[in-house]
Every structure is written in C-alpha cells, then in structure tokens.
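Here the structure comes first, spelled out in structure tokens, and everything after it is commentary.
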Amino acid sequence: MAVAATAAAHAHGHAHNRLQLNRVGLWLFFFSESIVFGLLLTSRFFLMGVDREHVDQQLGLIITIILLLSSVTAFTAETAIEQDRRRLASWMLLATILLGVIFTVGVGFEWSIAEFNRKEVFGTVFFTMTGIHATHVVTGVIMLFLVWVQLKRGKFSSRDHFAVSGTVMYWHFVDVVWVFYYPALYLIGNVVTPGQ
Amino acid sequence: MKAFQKGYVVAILLAVLTIVEYIFAVNFDNELVKFVGLSAAALAKVGMIGAYFMHFMRIFKTEEAH
Numbered sequence: 036m037a038v039a040a041t042a043a044a045h046a047h048g049h050a051h052n053r054l055q056l057n058r059v060g061l062w063l064f065f066f067s068e069s070i071v072f073g074l075l076l077t078s079r080f081f082l083m084g085v086d087r088e089h090v091d092q093q094l095g096l097i098i099t100i101i102l103l104l105s106s107v108t109a110f111t112a113e114t115a116i117e118q119d120r121r122r123l124a125s126w127m128l129l130a131t132i133l134l135g136v137i138f139t140v141g142v143g144f145e146w147s148i149a150e151f152n153r154k155e156v157f158g159t160v161f162f163t164m165t166g167i168h169a170t171h172v173v174t175g176v177i178m179l180f181l182v183w184v185q186l187k188r189g190k191f192s193s194r195d196h197f198a199v200s201g202t203v204m205y206w207h208f209v210d211v212v213w214v215f216y217y218p219a220l221y222l223i224g225n226v227v228t229p230g231q
Numbered sequence: 002m003k004a005f006q007k008g009y010v011v012a013i014l015l016a017v018l019t020i021v022e023y024i025f026a027v028n029f030d031n032e033l034v035k036f037v038g039l040s041a042a043a044l045a046k047v048g049m050i051g052a053y054f055m056h057f058m059r060i061f062k063t064e065e066a067h
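First to last, the sequence lines map onto chains A and B.
Each residue of the first sequence is one higher than the one before, counting from 36 in my numbering.
Each residue of the second sequence is one higher than the one before, counting from 2 in my numbering.
And the structure:
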C-alpha cells in the first residue's frame, strides 16, 4: 500500500516536472521570437522615424478587433478543456481558426490596396512586418487545426491538455505582437507621400 | 464560471483600450504625446494578456491541481 502510494506520488511529481519544463521551454521560445519581432519593430522607427505612409485605418481597426476576438475564443477553448467541457472547447477552437483565417484575408486585402510598393522604405517595413506576423498567424491556424483534430479523436482532458494550452498561448503571443505592430504601422506617425 | 468571467472582463478592457488607442491616434497631432500614449496603452494590453491569457505566473508555481 505504502509502495503504491509512493509510486503514485513519484509519477505525479514526474508529470508535474515535465509540465513545468514544457512551460519554461515555451516561454523561452516566446522570448527568442520577441527578439525577431522586436528588431523588426525597431527597424520601422529607425528607417521611417515617426513618419508613415497612408494605410486604411478602418481596415486596420477591424482586423485588430478580429484578432482580439480570436484571443477571447482561444481563451474560452483553453478554459473549457480545463473543465472537461470538450464540446465547447471544440467549437471555440473552430471559431479561433475561422477568425485567424479572416485576419489573414484582411492582411492580404490590405496588401492588395496598399498605396505603396515593396521598393519604398515604408513598403519594405510594412510588408516585412505584416508578412512575418501573418506567417505566424497561419502557423497558429495550422496548429489549432491539428489540436482540434486530436480533440475530436478523444485526446485531452482537464488533467492532460498542455497541447491545447501551449497552442493557445502561442496564439496569444501572436496577438501580443500585433498589439505593438498595429500602433507602429497604422497609428503612430505623420502621413507622408513617397518622395517627400 | 468564474474562470470564464475573469477572461471576458479582461477582453472587454482590451477592446476598450484598442478603441481608445484608435480615437486618441486619429484625433491627436502631437507625435511625441501620441508615441508615449500608444506605447503605454500597448504595454498595459500586453501586461493583461500575459497575466490573464498566457498565465505568465504559472511558470513560477511549484504545484497545482492538474
């Protein structure tokens, strides 16, 4: 009896250590990604100062709110699986995927109507920053889809759901990046026209 | 239910801050004030997302339920 209890405690401790290692590893990944995104943000101000070219303000606000909404659905999915509410988690993961796709389409549309091109300084900055961010959004959508498939196959429960939490945290990280990119590209700066 | 509610309150605060950011940026002309104001708003938003959505403090926890 005592041996069984000791073994169970040992197994619980081992699982907990693994979970902590997963979390720390994920945060280290976020910090390394922050360096890339931070450098791009710095280059925007280094190359353009507080100037920028005209971008569609309404579209910028709409896609920002869509990404914010997707963070709410992702949060709901994670909280639902923590409470073993699998059906709600499944629907919320799907909603997050859909909102991520809409955001990406919005960025693509912004690219198509942009009044600058990639050969201009602001164009280079804008397309690089939004392009790398959108690539991360697409990666997040793929990961969310894979997690959703696993969830539908009966995986994950309130006791074992790090894949869901990790993917949702990645999604929030993508949102955090946009929290800085949105004002830097759309809001801050005097609007200048090319050649000025 | 409490876990959901806390997240939704944070989400509403984030939405309000985003709208305030937009209105502030569109109506303000002083670039320095705009830069400082928008940076402060962005840091506040990131703090909330990190604390409540990304559970930053969990990496310092030694033991928990699941």
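Note that beta-carbon positions come from the ideal geometry of N, C-alpha and C, so glycine has one too.
Only a predicted model underlies this, so the values are computations on that prediction, with no experimental measurement involved.
- Nearest CB-CB separation between GLY48 (chain B) and chain A: not below the 8 Å threshold.
- GLY158 (chain A) and PHE151 (chain A) have their C-alpha atoms some 6 Å from each other.
- Looking at the DSSP output, ARG87 (chain A) sits in a beta bridge with A:VAL226.
- A direct Cα-Cα distance of roughly 7 Å separates ALA149 (chain A) from VAL90 (chain A).
- In summary, ILE70 (chain A) is exposed, with fewer than 16 beta-carbon neighbours lying within 10 Å of its beta-carbon over all protein chains present.
- When Cβ pairs closer than 8 Å are counted between the two stretches, the segment 206-217 of chain A is seen to touch the segment 41-54 of chain B, the count reaching three or more.
- Rounded to the nearest angstrom, the Cβ distance from TYR217 (chain A) to THR99 (chain A) is 5 Å, consistent with a contact under 8 Å.
- Cβ contact annotation for GLU113 (chain A) (same chain, cutoff 7 Å, sequence separation greater than five): VAL199, SER200, VAL203, in chain order.
- Counting along the chain, the unbroken alpha helix (DSSP H) around GLU145 (chain A) starts and ends at 121-148.
- The beta carbon of LEU15 (chain B) falls within 8 Å of a beta carbon belonging to chain A, placing the residue at that interface.
- Only LEU103, SER106, VAL107, PHE110, THR111, THR114 from the segment 101-115 of chain A bring a Cβ to less than 7 Å from some Cβ of chain B.
- Neighbours of ARG58 (chain A) across chain B, judged by C-beta separation under 8 Å: ARG59, ILE60.
- Around the Cβ of ALA41 (chain B), a 10 Å sphere holds fewer than 16 other Cβ atoms; the residue is exposed.
- Its chain contains VAL212 as the residues whose beta carbon lies nearer than 7 Å to that of PHE72 (chain A), once the 5 sequence neighbours on both sides are disregarded; these appear in chain order.
- With its beta carbon less than 8 Å from one in chain B, ASP210 (chain A) belongs to the interface.
- Interface residue (Cβ-Cβ distance to chain A less than 8 Å): LYS35 (chain B) is classified as such.
- Burial is judged here by how many other beta carbons sit within 10 angstroms of a residue's own beta carbon; ARG53 (chain A) has fewer than 16 and is exposed.
- If you draw a straight line from the Cα of PHE110 (chain A) to the Cα of ILE116 (chain A), it is about 10 Å long.
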